[in-house]
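So the sequences go chain by chain: A and B.
All residue numbers for the first sequence refer to UniProt numbering, where the first residue is 1 and numbers rise by one.
All residue numbers for the second sequence refer to UniProt numbering, where the first residue is 1 and numbers rise by one.
Protein chains: 2
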Amino acid sequence: MELVTREIDIENFPLADGDILVKNQYLSLDPYMRGKMRKPDTKSYSPPFDLDKVLQGRGIGTIIKSNNANYKVGWEEYSHIPKDATSGIAELSEAISKSNAPKSYFLGLLGMPGLSAYVGLNKIGKPKKGETIFISAASGAVGQVVGQIAKIKGLRVIGSAGDDSKVKYLEELNFDGTFNYKTCNIDEFETNQFLSKNSGETLDIVLNRLNLNARVIACGMISQYNTKTPYGVKNLMNVVSKRLLIQGFIVGDHYQEIDAFQKDMDEWLKQGKIKYKEDIVEGIQNAPEAFLNLLTGKNFGKAIIKIC
Amino acid sequence: MELVTREIDIENFPLADGDILVKNQYLSLDPYMRGKMRKPDTKSYSPPFDLDKVLQGRGIGTIIKSNNANYKVGWEEYSHIPKDATSGIAELSEAISKSNAPKSYFLGLLGMPGLSAYVGLNKIGKPKKGETIFISAASGAVGQVVGQIAKIKGLRVIGSAGDDSKVKYLEELNFDGTFNYKTCNIDEFETNQFLSKNSGETLDIVLNRLNLNARVIACGMISQYNTKTPYGVKNLMNVVSKRLLIQGFIVGDHYQEIDAFQKDMDEWLKQGKIKYKEDIVEGIQNAPEAFLNLLTGKNFGKAIIKIC
Chain A
1 MELVTREIDI ENFPLADGDI LVKNQYLSLD PYMRGKMRKP DTKSYSPPFD LDKVLQGRGI
61 GTIIKSNNAN YKVGWEEYSH IPKDATSGIA ELSEAISKSN APKSYFLGLL GMPGLSAYVG
121 LNKIGKPKKG ETIFISAASG AVGQVVGQIA KIKGLRVIGS AGDDSKVKYL EELNFDGTFN
181 YKTCNIDEFE TNQFLSKNSG ETLDIVLNRL NLNARVIACG MISQYNTKTP YGVKNLMNVV
241 SKRLLIQGFI VGDHYQEIDA FQKDMDEWLK QGKIKYKEDI VEGIQNAPEA FLNLLTGKNF
301 GKAIIKIC
Chain B
1 MELVTREIDI ENFPLADGDI LVKNQYLSLD PYMRGKMRKP DTKSYSPPFD LDKVLQGRGI
61 GTIIKSNNAN YKVGWEEYSH IPKDATSGIA ELSEAISKSN APKSYFLGLL GMPGLSAYVG
121 LNKIGKPKKG ETIFISAASG AVGQVVGQIA KIKGLRVIGS AGDDSKVKYL EELNFDGTFN
181 YKTCNIDEFE TNQFLSKNSG ETLDIVLNRL NLNARVIACG MISQYNTKTP YGVKNLMNVV
241 SKRLLIQGFI VGDHYQEIDA FQKDMDEWLK QGKIKYKEDI VEGIQNAPEA FLNLLTGKNF
301 GKAIIKIC
């Protein structure tokens, strides 16, 4: 990655009909972006990033210039958004204006990672009060939300993370069981559900511990994104003997749930039932390092770049 | 395993109230039995066999002596069935008398393996006309039934087996694509469903080939039953990126479907739409070797012992 400085003349910036110009304030770093850094001929669910081009991703900013009747100049380093990429901005803008939450939450708790947690738990996990859920990467952008929603729904929540400060945070969230997977063997526990973001060895251990009819909600496998020697999962025989369901999902298929999700989440926030830990790094020049930290678990909470 | 000869006096065999005495004709060998040959402290979905006791399993025989008003002496080397284990025998007896199919089919096509095929495909696979299904262990007791039901439902059926004569049989069943997985690399193909009986390496290759939203119906993992070094499955990342569903099931949970299943299957048999390959070994003394052959893929079709 390369930091490139380009001068723009805001005053005279040419905007085609329908285009807008945005000054970015927060940029979101998300694990899925690693999947887009690939050779263009490898097919996947989302198109690859183009070499030598600016990365695409989510952000929060202010419209500073508009040639689009639907988007008035309102609030915020500068993205030129062509007309055909402006969809969803109005809805986001409205949701931000209605909510008391910090704007940056719309990249995390109230945005894509929060929606992943909400959809994965409700639609696939179908949690029943009294069940136990185990969450790996439990202090991450998605995991912390899953755990807190699960508590609201009356589940017993066990979470693991790879760092004692993260584990302490899980305790603050009133998780019923927590451990550092790097320093602690997983003790005997049984669980009805498993929200998997890092897979690999953890998944293997968990497969031996799951209860009958447990569901494994697979929304990512971050430990496997950056490796050439993927971990081989040996305990899949449990899938048959325990009638397990392993279901993968991509949050992009579920944006029809965004309104219901944001409404519920805003309510939980107001009631003080949900906390959210962000890892905000200042300065776009620090984005590449922050992104690498995200892939190796050195971040703590939702990774965000704040443009100073 | 040990061949034990015991003399019984049929005439004076003592039967408690409700007990019956059965002369066995066919005994079923099934892969699940391997799972029951384990240390008693290992939990699983079905209780372990007891050391130094007769194996439990399915069979077809004739009742030769009865102290149970519901079971008249009718048809067969001798099982003493205590009263509380006689449930289901009346239903089986009635189904056999109604059907034109060979009696032994009630251990295969019209019995537990056939029901596995029917339930797994319909309830989990939820097949849509025009989709493609890939079946491993496709000439086995379950696989051959899945493939033929899938053809009836308008699917494109690809099957693999580990022996050229088995592959030839799959061609006779009009499968749309067949190959010997021991001698042939899996070519580029895409599939919407996967009926997995042997897992391991095949599953790994298939995970890279499955279509979006494909379902993996896991009813067994025969290649892994008899190994101390289970294969590590490396391509599970596809579960997320392709939104795959992997669902394990145990046919024992689905016996409420048996009537509907036997009715459909009898009809398909009458219409000549279904064939069934049995591997009938004569003589109970040959059962242990036949069972080992089943675990290493040397059987060809549903493994059955015929008691001479």
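Ideal Cβ positions, reconstructed from N, Cα and C, are used throughout, including at glycine.
Collapsed DSSP secondary structure at residue i in the structure displayed
| i | result |
| --- | --- |
| B/R58 | coil |
| A/L107 | helix |
| B/L210 | strand |
| B/N12 | coil |
| B/D279 | strand |
| A/I284 | helix |
| B/A137 | coil |
| A/F291 | helix |
| B/I274 | coil |
| A/R38 | coil |
| A/G69 | The sequence shown places Ala at residue 69 of chain A, not Gly. Coil at A/A69, not helix or strand. |
| B/G74 | At B/G74 the pLDDT is 46, less than 50, meaning the model places this residue with poor confidence; the figure from the coordinates comes in the next sentence. B/G74 falls in the coil class under three-state DSSP. |
| B/N299 | coil |
| B/T132 | strand |
| B/L4 | The displayed chain sequence assigns Val, not Leu, to residue 4 of chain B. Here B/V4 sits in coil by DSSP. |
| A/F249 | coil |
| B/D17 | coil |
| A/F179 | strand |
Straight-line gap, residue i to residue j (C-alpha atoms, nearest Å)
| i | j | result |
| --- | --- | --- |
| B/G35 | B/T229 | 16 angstroms |
| B/G140 | B/G301 | 5 angstroms |
| B/G200 | B/M221 | 8 angstroms |
| A/I10 | A/I63 | 12 angstroms |
| B/S104 | B/I304 | 8 angstroms |
| A/F175 | A/I274 | 12 angstroms |
| B/G111 | B/I280 | 16 angstroms |
| B/M33 | B/P40 | 14 angstroms |
| B/Q256 | B/M37 | 27 angstroms |
| A/N213 | A/V240 | 10 angstroms |
| B/L121 | A/L294 | 41 angstroms |
| A/A290 | A/E2 | 14 angstroms |
| B/A161 | B/N299 | 11 angstroms |
| A/L29 | A/Y276 | 16 angstroms |
| B/W75 | B/S97 | With a pLDDT of only 39 at B/W75, under 50, the local geometry of the prediction cannot be trusted, and no value is derived from it. |
| B/L269 | A/C219 | 44 angstroms |
| B/G283 | B/D266 | 29 angstroms |
| A/D264 | A/A95 | 13 angstroms |
| B/H254 | A/D164 | 46 angstroms |
| B/I8 | B/N24 | 14 angstroms |
| A/F49 | A/A287 | 16 angstroms |
| A/G57 | A/K306 | 14 angstroms |
| A/K182 | A/Q285 | 31 angstroms |
| A/N68 | A/S99 | 25 angstroms |
Unbroken beta strand (DSSP E) run spanning residue i, endpoints
| i | result |
| --- | --- |
| A/K99 | Looking at the sequence shown, residue 99 of chain A is not Lys but Ser. Segment: none, A/S99 is in no beta strand (DSSP E) and carries neither H nor E. |
| B/K302 | 302-306 |
| A/G159 | 156-161 |
| residue 320 of chain A | Outside the displayed range of chain A (1 to 308) lies residue 320 of chain A, so it cannot be described from this structure. |
Unbroken alpha helix (DSSP H) run spanning residue i, endpoints
| i | result |
| --- | --- |
| B/K53 | Here B/K53 belongs to no alpha helix (DSSP H), and DSSP marks it neither H nor E. |
| B/I152 | 143-152 |
| A/S116 | 112-119 |
| B/S165 | 164-172 |
| A/V240 | 237-241 |
Supposed contact pair residue j and residue i - C-beta distance, whole angstroms, cut 8 angstroms
| i | j | result |
| --- | --- | --- |
| B/F13 | B/L115 | Not quite, the Cβ-Cβ distance comes to about 33 angstroms (not below 8 angstroms), so this is no contact. |
| A/I60 | A/L107 | 6 angstroms |
| A/A138 | A/L170 | 6 angstroms |
| B/G248 | A/L244 | 5 angstroms |
| B/L15 | B/K65 | 6 angstroms |
| A/G125 | A/R215 | 5 angstroms |
| B/A117 | B/V142 | 5 angstroms |
| B/V145 | B/L109 | 6 angstroms |
| B/I246 | A/I246 | 4 angstroms |
Would you call the stretch 202-220 of chain B and the stretch 228-245 of chain B touching, i.e. three or more CB-CB distances under 8 angstroms?
yes
Under 8 angstroms: do the stretch 118-136 of chain A and the stretch 151-160 of chain A share three or more Cβ pairs, one atom per stretch?
Output reads yes: the stretch 151-160 of chain A touches the stretch 118-136 of chain A.
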